[in-house]
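These protein sequence lines are chains A and B, in that order.
Following this note's numbering, the numbering of the first sequence begins with 15 at its first residue and continues without gaps.
Following this note's numbering, the numbering of the second sequence begins with 15 at its first residue and continues without gaps.
2 protein chains.
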Amino acid sequence: MQRVYNFSPGPAVLPLSVLEEAQRDLLALPGLGVSVLEIGHRTKWFEKILATASANLRALLSIPDNYKIVFLQGGSRLQFSMVPMNLLHAPESSADYIVTGTWGQTAAQEAQRAGATSIAYTAKATNFDRLPSERDLKLNPEAAYVHFTSNETIQGVQFLEEPAVGKVPLVCDASSDFLCRPLPIERYGLLYACAQKNAGPAGVTIAVIRDDVLAQCTDEVPTMLSYRQYVEHDSLLNTPPVFAVYIVMLVTRWLADEVGGLARMRTLNEQKAKLLYDAIDSSEGFYKGHARPDCRSLMNVTYRLPNDDVETKFLAAAQDRGLHYLKGHRSVGGIRASIYNAMPLAGAEALAQFMDEFRKRA
Amino acid sequence: MQRVYNFSPGPAVLPLSVLEEAQRDLLALPGLGVSVLEIGHRTKWFEKILATASANLRALLSIPDNYKIVFLQGGSRLQFSMVPMNLLHAPESSADYIVTGTWGQTAAQEAQRAGATSIAYTAKATNFDRLPSERDLKLNPEAAYVHFTSNETIQGVQFLEEPAVGKVPLVCDASSDFLCRPLPIERYGLLYACAQKNAGPAGVTIAVIRDDVLAQCTDEVPTMLSYRQYVEHDSLLNTPPVFAVYIVMLVTRWLADEVGGLARMRTLNEQKAKLLYDAIDSSEGFYKGHARPDCRSLMNVTYRLPNDDVETKFLAAAQDRGLHYLKGHRSVGGIRASIYNAMPLAGAEALAQFMDEFRKRA
Numbered sequence: 015m016q017r018v019y020n021f022s023p024g025p026a027v028l029p030l031s032v033l034e035e036a037q038r039d040l041l042a043l044p045g046l047g048v049s050v051l052e053i054g055h056r057t058k059w060f061e062k063i064l065a066t067a068s069a070n071l072r073a074l075l076s077i078p079d080n081y082k083i084v085f086l087q088g089g090s091r092l093q094f095s096m097v098p099m100n101l102l103h104a105p106e107s108s109a110d111y112i113v114t115g116t117w118g119q120t121a122a123q124e125a126q127r128a129g130a131t132s133i134a135y136t137a138k139a140t141n142f143d144r145l146p147s148e149r150d151l152k153l154n155p156e157a158a159y160v161h162f163t164s165n166e167t168i169q170g171v172q173f174l175e176e177p178a179v180g181k182v183p184l185v186c187d188a189s190s191d192f193l194c195r196p197l198p199i200e201r202y203g204l205l206y207a208c209a210q211k212n213a214g215p216a217g218v219t220i221a222v223i224r225d226d227v228l229a230q231c232t233d234e235v236p237t238m239l240s241y242r243q244y245v246e247h248d249s250l251l252n253t254p255p256v257f258a259v260y261i262v263m264l265v266t267r268w269l270a271d272e273v274g275g276l277a278r279m280r281t282l283n284e285q286k287a288k289l290l291y292d293a294i295d296s297s298e299g300f301y302k303g304h305a306r307p308d309c310r311s312l313m314n315v316t317y318r319l320p321n322d323d324v325e326t327k328f329l330a331a332a333q334d335r336g337l338h339y340l341k342g343h344r345s346v347g348g349i350r351a352s353i354y355n356a357m358p359l360a361g362a363e364a365l366a367q368f369m370d371e372f373r374k375r376a
Numbered sequence: 015m016q017r018v019y020n021f022s023p024g025p026a027v028l029p030l031s032v033l034e035e036a037q038r039d040l041l042a043l044p045g046l047g048v049s050v051l052e053i054g055h056r057t058k059w060f061e062k063i064l065a066t067a068s069a070n071l072r073a074l075l076s077i078p079d080n081y082k083i084v085f086l087q088g089g090s091r092l093q094f095s096m097v098p099m100n101l102l103h104a105p106e107s108s109a110d111y112i113v114t115g116t117w118g119q120t121a122a123q124e125a126q127r128a129g130a131t132s133i134a135y136t137a138k139a140t141n142f143d144r145l146p147s148e149r150d151l152k153l154n155p156e157a158a159y160v161h162f163t164s165n166e167t168i169q170g171v172q173f174l175e176e177p178a179v180g181k182v183p184l185v186c187d188a189s190s191d192f193l194c195r196p197l198p199i200e201r202y203g204l205l206y207a208c209a210q211k212n213a214g215p216a217g218v219t220i221a222v223i224r225d226d227v228l229a230q231c232t233d234e235v236p237t238m239l240s241y242r243q244y245v246e247h248d249s250l251l252n253t254p255p256v257f258a259v260y261i262v263m264l265v266t267r268w269l270a271d272e273v274g275g276l277a278r279m280r281t282l283n284e285q286k287a288k289l290l291y292d293a294i295d296s297s298e299g300f301y302k303g304h305a306r307p308d309c310r311s312l313m314n315v316t317y318r319l320p321n322d323d324v325e326t327k328f329l330a331a332a333q334d335r336g337l338h339y340l341k342g343h344r345s346v347g348g349i350r351a352s353i354y355n356a357m358p359l360a361g362a363e364a365l366a367q368f369m370d371e372f373r374k375r376a
C-alpha cells in the first residue's frame, strides 16, 4: 500500500497518524466492542469526543468564553443560507459581501435569496487575482454583518489580515484556511468552515459564533438551521455526523500534540508555500502565478503553463512521480497545488523539484 | 478485539464485512494511494461510488425510473423542514400528519413552522402504542401531502402496510426501517431516511422522490434545501459526505450479495423479532411489551420489566453477557432492543435466551 502526494483542493490530505488511529479502531473501539461508525451519539464515549474536539479547537485558536463552537452539517454552502437566515431579518437590514473569488460570489448570490445584500467589493473584473485595500471597500456602517472568504480555494488568494469593518460583525467563510495559522478571533463575529480541507473529512462543518452575534439571531428559522438551537443543544439537536466529528478530534489533537500548535503550523505552511512560489518566480515566466504576489494563498498555489499541451504533459508527468490531483479549476485553468496542513514538507519539496525539472526539460 | 452485540437504536450495528472492507482501505484505496477520507468528490472513483450506491438502492427496492434518488445531509430532522418548505407553498395548502410516535410528532411540529398542517391521527393519548385503522384517519383529500413515520424507533410500532391516502402524495419518514423489507414503492410520493439505522453511518440521508412530487416543489427555498437542486446536480451540489455515501454503497452491496435481497432480509428480520416477542409473550407478564401485538416493530422491540430495580439489574447482567445498549428511551422506559438488518440472528438468539434465563432467576 503506497500513498501518493495528494494535492486535491478538498476533500484533501489528512495526517497519516490520524488515518492510522481511525483504521486501528474501525472494527471496535478499545474497551467498547463497537465501531465508531456504530456507536450512539448519546453515549459517554461520543460526548467526550465532541467535548474534546471543541476544547481542542478552543485551545488551538485561543477562543474566549464569549464564543460558542458548534458542529453542523450541509457544508459551507448551507452556511451561505444559514448566515442570512439567522442574521438578516430586521426590517430594512442589509449585509455587505466582500467578493474575492468564486466562493465569496456564490455566498453573496445565495444570501440574496434570503435578504438584502450589497457587494462591498468584487475583483471579478480581474478574475479574482487580488484582494481589496481598505479604501476599496464600500462598507455600510449600518450593515447587519460583513461577509468575506478568508481563502479562495479556486483562485488561490488569501487574506492574511482581516478586513477592517469597524463595529459591524465580521462573518468569515474560513473553509479552506481554517486552522492554517493563529487567528485574532476577537475580530470575528462568526466564523465557519467545512472540515474537508484542514480539519477532517467531508460531512461536518464547524462554526464559531460570538455571544452578541448569537443574540442577534432570529428564532424564525427551521430548527436545524438555527445557530441558537445548536448552541443550546450542544450540537446534539439530532444525530451529528459522529465519525466526521471523531476525525476532527483526531486532527485537532494532531495539530496540538504532533505539530505543536497553529504558530508552528503557520511556519510550516509558509515553508511549503515558499517552495512552490519560488519555483514559479524563478521560472523566467514559464510558470505564471494567478494570484498577485501580495495576496498569494498559503493553501492553494495556482499557476498556468505556457499552453494546454504543456499543461497536459505536466499533469501526466507529475502523476508518474506520485504528485496527484494538481489540475486547476476550469475558471482559472492551469495548475492548483493545494498544500493544506496535512501535506508534508516533503510533498511540497517533491513538487517544487519536479516543477524545476519539468521546466528545464520543456 | 472483541465485538459485542450492539442493540443501539442508532447509530447502530453495521455488517462486519462492510467494516472490514472500510478498514482495509482506510489508509489508501487500491490503485489510488489516497484514503476514502481524502479523495475528491469530483473524481471518477467517487462518481462511481455514488452511482453504485444509487443503483443498488434502485435494484433492492425496485424503484422505477420515474423516481429520483438523492443523498443529503442534516438527518431526518432537516427533512422535517425540507418537506414542507418544498411542498407546502401554495396559498391555503395544508398537509396531513399521521402521528404514531415521537418522531412523527416532531415532524408535525417542525412542519407547523413552515406552513399549515393538520393532525390526521395521533396515538399520543396511549403513549403511541398503536397504529390507526383506516377509519381512524381524518384525511383532507385536498392536502398537499400526507406524512407518516413507517417505524417509530422510540415506541417500537411499525406500519407493515402503507396507510391508504387516496391520490394525495404519501410522504414517509422511513429512517428506522428503510431497507428492512421490500416496499411497494409506487405508493410513495417521497420517502426519506437517515442512514444510521439500516443503511450506513450517521451523516447522510437518502431521499427517493417521484417525478410528479418533484414537479410540485417550489424553487423559493435555499439552494441546499431544494430537492430539485439535488436531483439536477446528481447530489453533487456541493461536497457530499463522501465516506458516509461509500459506506451506504458497501451496505447496499452487502444486502444484495450477502443477504440476497430485501425479501430475504425481511424473513431474517421476522425471525429475529419473533425470538424476542416470543420471549416477551411466554414470560407470564414478567416482560410487558409496549406496542400492541398487531403493530409491533421488526426493528425496535420495546418492553418493560416489573420495576426499575429489576430493570437496572437486567441491563447490567445483559452487558456482562455482551448484550449492549438495551436501555429504552425515557418516554417509554424499560428495554429497547434494536435489531436492525445488520444484527445477526445469533445476537437475537443470545438476547432471547438471556431474557428467559433472567426471568427464571428473578
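Here a beta-carbon is modelled for each residue, glycine too, at the ideal position from N, C-alpha and C.
So is residue i in contact with chain A if we call contact Cβ pairs under 9 Å?
i                : result
Asn20 (chain B)  : yes
Glu363 (chain B) : no
Phe257 (chain B) : yes
Thr253 (chain B) : yes
Pro23 (chain B)  : yes
Ala213 (chain B) : no
Ile261 (chain B) : yes
Cys208 (chain B) : yes
Tyr111 (chain B) : no
Ala26 (chain B)  : yes
Met313 (chain B) : no
Pro358 (chain B) : no
Determine the contact status of residue i and residue j, defining contact as a CB-CB distance below 9 Å.
i                : j                : result
Leu184 (chain B) : Tyr241 (chain B) : no
Val346 (chain A) : Asn141 (chain A) : yes
Asp187 (chain A) : His161 (chain A) : yes
Leu290 (chain A) : Tyr19 (chain A)  : no
Ala121 (chain B) : Phe94 (chain B)  : yes
Pro236 (chain A) : Ala128 (chain B) : yes
Val113 (chain B) : Asp143 (chain B) : no
Arg335 (chain B) : Phe368 (chain B) : yes
Thr266 (chain A) : Leu312 (chain A) : no
Val218 (chain A) : Val259 (chain A) : yes
Val48 (chain A)  : Ala216 (chain B) : no
Can you confirm whether residue i, when its beta carbon is compared against all beta carbons of chain B, has any partner nearer than 9 Å?
i                : result
Arg350 (chain A) : no
Ile63 (chain A)  : no
Gln37 (chain A)  : yes
Gln87 (chain A)  : yes
Leu269 (chain A) : no
Arg335 (chain A) : no
Leu102 (chain A) : no
Glu246 (chain A) : no
His55 (chain A)  : yes
Run through the DSSP bridge pairs and tell me what residue i is partnered with.
i                : result
His338 (chain B) : B:Asn20
Val227 (chain A) : Paired residue(s): none; Val227 (chain A) is not in a bridge.
Asp110 (chain B) : B:Ser132, B:Val160
Ala221 (chain A) : A:Val84, A:Tyr206
The beta strand (DSSP E) spanning residue i covers which residue range?
i                : result
Phe85 (chain B)  : 81–86
Thr136 (chain B) : 130–136
Arg91 (chain B)  : Here Arg91 (chain B) belongs to no beta strand (DSSP E); instead the alpha helix (DSSP H) covers 89–101.
Need the endpoints of the alpha helix (DSSP H) that residue i sits in, please.
i                : result
Ala351 (chain A) : Unbroken run through Ala351 (chain A) is the beta strand (DSSP E), 349–352; no alpha helix (DSSP H).
Arg38 (chain B)  : 30–38
Asn141 (chain B) : Here Asn141 (chain B) belongs to no alpha helix (DSSP H), and DSSP marks it neither H nor E.
Arg375 (chain B) : 359–375
Asn70 (chain A)  : 58–74
Thr232 (chain A) : No alpha helix (DSSP H) contains Thr232 (chain A), which DSSP labels as neither H nor E.
His118 (chain B) : Here the sequence assigns Gly to residue 118 (chain B), which means His is not the residue at that position. Residues 116–126.
Given that residue i touches chain C, what residues does it touch there, using C-beta distances under 9 Å?
i                : result
Leu264 (chain A) : Structure shown: chain C not included; protein chains present are A and B.
Measuring only from the beta carbon, is residue i closer than 8 Å to any heavy atom that is part of the ligand ZN?
i               : result
Ile63 (chain B) : In terms of ligand content, the structure shown is empty, and the ligand ZN therefore cannot be addressed.
Continuous alpha helix (DSSP H) assignments of at least 4 residues falling wholly in the segment 160–214 of chain B: Listed in chain order, the alpha helix (DSSP H) runs fully inside the segment 160–214 of chain B amount to none, counting runs of at least 4 residues.
Within the segment 238–320 of chain A, ranges of the alpha helix (DSSP H) (whole runs, at least 4 residues): As far as the segment 238–320 of chain A is concerned, its whole alpha helix (DSSP H) runs of at least 4 residues are 241–246, 256–268, 276–295.
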